[in-house]
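Reading the sequence shown from the start, the letters are residues 119 to 335 in the working numbering.
Where a beta carbon is used, it is the ideal one built from N, C-alpha and C, also for glycine.
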Amino acid sequence: ITTPQQKIGQVRFFGGDFVTIKLVGDTFDASAKAAQEFTVSENRTFIDPFDDAHVQAGQGTVAYEILEEARKESIDFDAVLVPVGGGGLIAGVSTYIKETSPEIEVIGVEANGARSMKAAFEAGGPVKLKEIDKFADGIAVQKVGQLTYEATRQHIQTLVGVDEGLISETLIDLYSKQGIVAEPAGAASIASLEVLAEYIKGKTICCIISGGNNDIN
Numbered sequence: 119i120t121t122p123q124q125k126i127g128q129v130r131f132f133g134g135d136f137v138t139i140k141l142v143g144d145t146f147d148a149s150a151k152a153a154q155e156f157t158v159s160e161n162r163t164f165i166d167p168f169d170d171a172h173v174q175a176g177q178g179t180v181a182y183e184i185l186e187e188a189r190k191e192s193i194d195f196d197a198v199l200v201p202v203g204g205g206g207l208i209a210g211v212s213t214y215i216k217e218t219s220p221e222i223e224v225i226g227v228e229a230n231g232a233r234s235m236k237a238a239f240e241a242g243g244p245v246k247l248k249e250i251d252k253f254a255d256g257i258a259v260q261k262v263g264q265l266t267y268e269a270t271r272q273h274i275q276t277l278v279g280v281d282e283g284l285i286s287e288t289l290i291d292l293y294s295k296q297g298i299v300a301e302p303a304g305a306a307s308i309a310s311l312e313v314l315a316e317y318i319k320g321k322t323i324c325c326i327i328s329g330g331n332n333d334i335n
């Protein structure tokens, strides 16, 4: 089980008596498969965490908040960097930004050990990776969704990968220098600044830090 204890604790805290936690598998894909099997056997409803139009719309509100804050502060972003796992966040964010502020570039950031969106781009549709590195568990997904692939393919041109070691260094820097507790998936966008240094030189960049579930010890 690779799920951080903090993430488990937060689910237990907010879910209370309405949530029963079952830890299955060591990847998202394994636990999602178990959840789908459970919903069939127990006649329940499975809510996909990313390949769902309503979920993507909800994640897209992140972009709305970013642009509203930027407007208030008179900031004009040239690009927004978004961590990519199953693709829900970047699908929602890129859809909203391209519909309201098409001049802003949206760049996807994957962990090099789990580049499922890149694989989908190259294959022309979602494909399952044989194996992935689970360090950045929040974006360690073997196969992106069909809906997320379609939206991402339509709205973005640039996907980059970052090494897990660089993500780890970024986690430490965020915590020690900025007082920000991020999880590996959330730190991926900041880590990519080093990879994109020449490309973004002189530009105003927004990095989405999309998770703080990290067992600091």
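| query | result |
| --- | --- |
| Cut-off 8 Å between Cβ atoms - residues of its own chain near LEU314, not counting five sequence neighbours on either side | LEU199, ILE225 and VAL278 |
| Status (buried if at least 16 other CB within 10 Å, exposed otherwise) for GLN154 | exposed |
| Secondary structure of ALA258, DSSP reduced to three states | coil |
| LYS261 beta carbon less than 7 Å from that of LYS246 | yes |
| Helix, strand or coil at ALA309 [DSSP, three-state] | helix |
| Cutoff 8 Å; reference THR121; Cβ partners in own chain excluding five residues on either side | LEU141 and ASP255 |
| Exposure label - ALA234; buried when at least 16 CB within 10 Å | According to the sequence displayed, residue 234 carries Ser and not Ala. By the 10 Å Cβ count, SER234 comes out buried. |
| PHE136 classed as buried or exposed, judged by whether at least 16 other C-beta atoms fall within 10 angstroms | exposed |
| Three CB pairs or more closer than 8 Å across the segment 272 to 287 and the segment 299 to 312 | yes |
| Given 8 Å, three or more beta-carbon pairs between the segment 291 to 299 and the segment 209 to 223 | no |
| Sheet register partners of ALA342 (DSSP bridge) | With the chain covering 119 to 335 only, the question about residue 342 has no answer from this structure. |
| Nearest-angstrom Cα separation, counted from ILE323 out to PHE131 | 34 Å |
| Buried/exposed call for THR276, threshold 16 Cβ in 10 Å | exposed |
| Meets three-Cβ-pair contact criterion under 8 Å: the segment 181 to 195 and the segment 156 to 168 | no |
| Length of the line joining the Cα atoms of GLY330 and THR288 | 13 Å |
| Alpha-carbon to alpha-carbon, GLN174 and ILE326 | 16 Å |
| Residue closest to ALA344, alpha-carbon to alpha-carbon, out of GLY204, TYR317 and ALA171 | One cannot answer for residue 344 here, as it falls past the ends of the chain, which runs 119 to 335. |
| Of the residues ARG271, ASP251 and VAL129, the one placed nearest GLU240, counting alpha carbons only | ARG271 |
| C-beta contact flag for THR218 and ALA269 at 7 Å | no |
| Short Cβ contact (7 Å threshold) for ASP196 with THR266 | no |
| Span separating the alpha-carbon of PHE253 from that of ILE318 | 27 Å |
| Whole-angstrom distance between ILE290 and LEU207, CA atom to CA atom | 24 Å |
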